[in-house]
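Below: the structure, in structure tokens.
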DNA sequence: TTAGGGTTAG
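Numbering (full-length UniProt numbering), first residue to last: 1 to 618.
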């Protein structure tokens, strides 16, 4: 009977049958309890296993060990440590196998002191010469960023196995010591798949994507078959490089190997697609996945938000909630960014309150996205209140606030904030200067804007990029200095893009400079022959100057090239419903009220100095 | 021992 029970315990059984077996064990075969507990732990019935464990008067080392391993594996790290401490206090002999999971839990909890105490215990017990403990120690010190101690342990190992090398490579990788990792990798005689994966991941994590790809190719040349972990890592490299062709090669490899549908590989694949701009392909991967966790959902939501498809991002966020997946800080960052892009005040505020109530504001990513959302939705007071009480700020948070003030017309406050940023020695970066120049543009401070532009290179050693050039063009344009803007464009060290010509074109239209408008318009037609807006604006400019023939010629050109004019929608969000409007649209049930509100707003705008601009429609 | 998601920019 006992033999039969043991066999049964090795089968996969539902909890009800396990409970029947337990009854038998209690009555007749008490000695089988440890085996029974292990069976429960393997089947992840951890709470039930604990109830059984707590009934045992003197649990042996084996059962303790099983609990520690199970707790650590399930990231129940505090439980793992508590069990270890009780084992120690109850004089149950510590066994070598308990040590690696304990170090893992200490590292996850960043319980540095506890980990070091366990280290002395390891020495006292004489486990320090066990390869299991040595490798666990290297990992522990690596994870708490004590690379020196990790190296010391490694150097002290007499016969170093592959795992020890792998552990130190990943320690170097975590500390950004790419060259040291590579040196160690090159020294290895027997590389396992983990060694290859660790080296690829080292390059990927430290931004050297091409080198990561080269190691991946060498791995295949040396007949080491990539596994799922390799593919997930390499897919993330393709995503970072935005290289769809490379990504599709990995997809093919994954299909050929029939590796099945690992959730992490699928999420990496989804990510690869969306980062390469193939959002719909990413969505197909998402839809075909058998299991999706919070990372998968967040990756897809971010994919939409980053590709300007914010409506779909918010829609998917609703689906995520319906699927009972709890959003985390990463999810909320993308959702806030989507709200900001759409100007969805109500949804944004709801997420904002949720973020504050969950205390997620201490995460700088969340904080920056939240500030951006409030600023773009026009609630600069709320944005500033949040900024002032933030527990942690990095340069992105500062930039987000500076930009918020800038776009809302508070140039002086933006500049004052920049001065404070410098006082407390937060380093400004290229985006800070975009914010400062935007502030100057909106307030008409041309000379100050130019001063910031000069200062970024001379005082901060930051080379201006196309965004900064665009800011200067905008700075001149908005103050009506079109010739200065044009001369600046001609002197620029980079090729002007559509943003720059577009800025000059709309300014020329406002200031009725047909000559410059014509020039900018023609450049735009060359750069973006499929954008209907450029044809319409250029044609309108000719028309407003009375050059009707040329206006018609542009219209004809547009027709000949079969450029489609995309319908321009406006939308207003009222109590969670988005109302969409086309030009001249009277289909809304409250259309009369809508139009009379628009007329009222137009009147109000003219009172405060805005000049209405009625376009000739295409 | 190796693997996937995030913020600021006209």
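Even glycine gets a Cβ: it sits at the ideal position worked out from N, Cα and C. Please read all numbers here as calculations on a predicted model, not as lab measurements.
Check the Cα spacing between residue 266 and each of 435, 452, 290: the tightest is with 290. Cβ-Cβ distances below 6 Å link residue 216 to 200, 234 in the same chain, with the five nearest sequence neighbours on each side left out; the list follows chain order. Taking every protein chain shown into account, the CB of residue 435 has 16 or more other CB atoms within 10 angstroms, so this residue is buried.
Around the Cβ of residue 324, a 10 Å sphere holds fewer than 16 other Cβ atoms; the residue is exposed. With a 10 Å radius around the Cβ and a threshold of 16 neighbouring Cβ atoms, residue 490 comes out exposed. A buried status is given to residue 134, since no fewer than 16 other beta-carbon atoms sit within 10 Å of its beta-carbon. In the three-state scheme derived from DSSP, where H, G and I count as helix and E and B as strand, residue 583 is classed as coil. Under the three-state reduction of DSSP, residue 95 is assigned to coil, being neither helix nor strand. Separation of the CB atoms of residue 120 and residue 80 is rounded to 19 Å, and the pair is thereby denied contact status at 8 Å. Restricting attention to 537, 531, 590, the CA atom closest to the CA of residue 563 is found in 531. Separation of the CB atoms of residue 470 and residue 476 is rounded to 11 Å, and the pair is thereby denied contact status at 8 Å. Inclusion of residue 398 and residue 417 in the CB contact set at 9 Å is warranted, their separation being smaller than that value. In this structure, residue 157 places its C-beta atom within 9 Å of the C-beta atom of residue 131. CA-CA distance, residue 383 to residue 354, rounds to 15 Å. By alpha-carbon distance to residue 432, the top candidate from 395, 192, 84 is 395. A check of alpha carbon separations from residue 187 across 176, 11, 448, 166 identifies 166 as the nearest. Excluding residues up to 5 positions away in sequence, nothing lies with its Cβ nearer than 6 Å to the Cβ of residue 309 in the same chain. Residue 155 sits in a helix when the DSSP states are folded into three classes. Below 8 Å, enough C-beta pairs join the segment 32–44 and the segment 52–67 to call them touching: three or more. Taken atom to atom, the span from the alpha-carbon of residue 446 to that of residue 472 is near 9 Å. Within the segment 172–242, the alpha helix (DSSP H) runs of at least 4 residues that lie entirely inside it are, in chain order, 178–187, 193–205, 209–221, 228–241. In the three-state scheme derived from DSSP, where H, G and I count as helix and E and B as strand, residue 406 is classed as helix. DSSP, reduced to helix, strand and coil, places residue 520 within a helical segment of the structure shown. In the three-state DSSP reduction, residue 329 falls in the helix class (H, G or I). Pairing residue 545 with residue 512 gives a Cβ-Cβ distance under 9 Å. For residue 506, the enclosing alpha helix (DSSP H) stretches over residues 498–510.
Here the alpha carbon of residue 269 sits roughly 47 Å from the alpha carbon of residue 125. Three or more Cβ pairs drawn from the segment 358–377 and the segment 401–412 lie within less than 8 Å of each other, which places the two stretches in contact.
Bounds of the alpha helix (DSSP H) holding residue 434 are 430–443. By the Cβ-count criterion, residue 182 is buried, with 16 or more other Cβ atoms from all chains shown falling within 10 Å of its own Cβ. Taking every protein chain shown into account, the CB of residue 237 has 16 or more other CB atoms within 10 angstroms, so this residue is buried.
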